[in-house]
Ligand code: PAF
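Residue numbers (the numbering used here): 86 to 370.
Written as structure tokens, this is what we have:
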């Protein structure tokens, strides 16, 4: 596996790997890799001829009071995992390589960026879309893989791809969960053992919403109420049932619905979601 940390070198190496009949897959990550990330790499390996990955903790998607400095970093272990999974090229850069002095251009999205996670993380999606567009331009992948865990991110990246006519097929892969249902996340390591046990209620709340939907409840407000009852106390950032295309709450559940929530613990803010058909079966954003 080639490891490169400069953009011109990444472009050059990708040009050498690219071939008209080769499908190039990209897995963008911020590192601290777990089974969730590896499931993206495995899907890419299955469906693409060449797989590239990036490990870049993107400062542009962290707010001033957020955990950029403390975000888990373990490049050596990440590189070993990616190499074992058959990744051809790993790109890892310093913030200064991606955002050199005088950097001025950011990708914004009007409505969606302020909804759900955007309510408490106002510049987060501007940072995500900007870095993802830069990575798409550097790698020019045919296919890019993202996890359902960050549902709002996937929805907004798909919207960017469609709005800006980008030639990338964005694929969403299912959430990988711990045995008690907690969605895998690089930030789970920051939970105290008590909060880690408590955090299983996020998944239980989503399951309760799913069961209510399957039993015929089509009122998004009631689905939210059901989830809130299971979540109980704690610092809830949001619990919502939204249309996965618009991230707005529909009057009734007609086709797909995204049950989504965020809860703050002292060590980490956790998000989780389920994207469901109207009969309660699971689907992806
Ligand atoms: O999901 C992530 O890890 C990040 O938001 C991404 C897509 C790699 C952009 O920094």
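Using N, Cα and C, we set each Cβ at its ideal position, and we do this for glycine too.
Treat the numbers as computed from the prediction; the structure is a model and nothing was measured.
Does the beta carbon of residue i fall short of 8 Å from some heavy atom of ligand 3?
| i | result |
| --- | --- |
| residue 253 | Looking at this structure, you won't find ligand 3 anywhere; what it does contain is ligand 1. |
Once DSSP output is grouped into helix, strand and coil, what is the label at residue i?
| i | result |
| --- | --- |
| residue 370 | coil |
| residue 197 | helix |
| residue 358 | strand |
| residue 215 | helix |
| residue 111 | strand |
| residue 137 | strand |
| residue 287 | helix |
| residue 175 | strand |
| residue 221 | helix |
| residue 232 | strand |
| residue 282 | helix |
| residue 149 | coil |
| residue 295 | helix |
| residue 272 | helix |
Please return the same chain residues whose Cβ sits closer than 8 Å to the Cβ of residue i, not counting the five positions on each side in sequence.
| i | result |
| --- | --- |
| residue 99 | 109, 137, 174, 223, 224, 225 |
| residue 313 | 290, 321, 324 |
| residue 241 | 194, 197, 198, 210, 213, 214 |
If I follow the unbroken alpha helix (DSSP H) through residue i, where does it start and stop?
| i | result |
| --- | --- |
| residue 384 | Here the chain covers residues 86 to 370 and nothing more, so residue 384 does not appear. |
| residue 126 | 120-132 |
| residue 342 | Premise fails: residue 342 lies in the beta strand (DSSP E), 342-349, not in any alpha helix (DSSP H). |
| residue 169 | 160-169 |
| residue 82 | Residue numbering for the chain in the displayed model covers 86 to 370; residue 82 lies beyond these limits and cannot be assessed. |
| residue 203 | 202-205 |
| residue 92 | 92-102 |
Could you pull the start and end residues of the beta strand (DSSP E) that residue i belongs to?
| i | result |
| --- | --- |
| residue 255 | 254-258 |
| residue 88 | 87-89 |
| residue 335 | Unbroken run through residue 335: none, as it is neither H nor E. |
| residue 188 | No beta strand (DSSP E) contains residue 188, which DSSP labels as neither H nor E. |
| residue 325 | 320-327 |
| residue 239 | Careful: residue 239 lies outside any beta strand (DSSP E), inside the alpha helix (DSSP H) at 236-248. |
Going by beta carbon distance, what residues of the same chain come within less than 6 Å of residue i, once the five residues before and after it are set aside?
| i | result |
| --- | --- |
| residue 184 | none |
| residue 118 | 163, 166 |
| residue 245 | 214 |
| residue 181 | none |
| residue 134 | 107, 108 |
Quick one: what's got a C-beta closer than 7 Å to residue i's C-beta in the same chain, skipping five residues either side?
| i | result |
| --- | --- |
| residue 275 | 352, 353 |
| residue 88 | 164, 175, 177 |
| residue 143 | 115, 212, 216 |
Can you list every residue whose CB sits closer than 6 Å to some heavy atom of ligand 1, going in chain order? 113, 114, 115, 143, 146, 213, 216, 217, 235, 238
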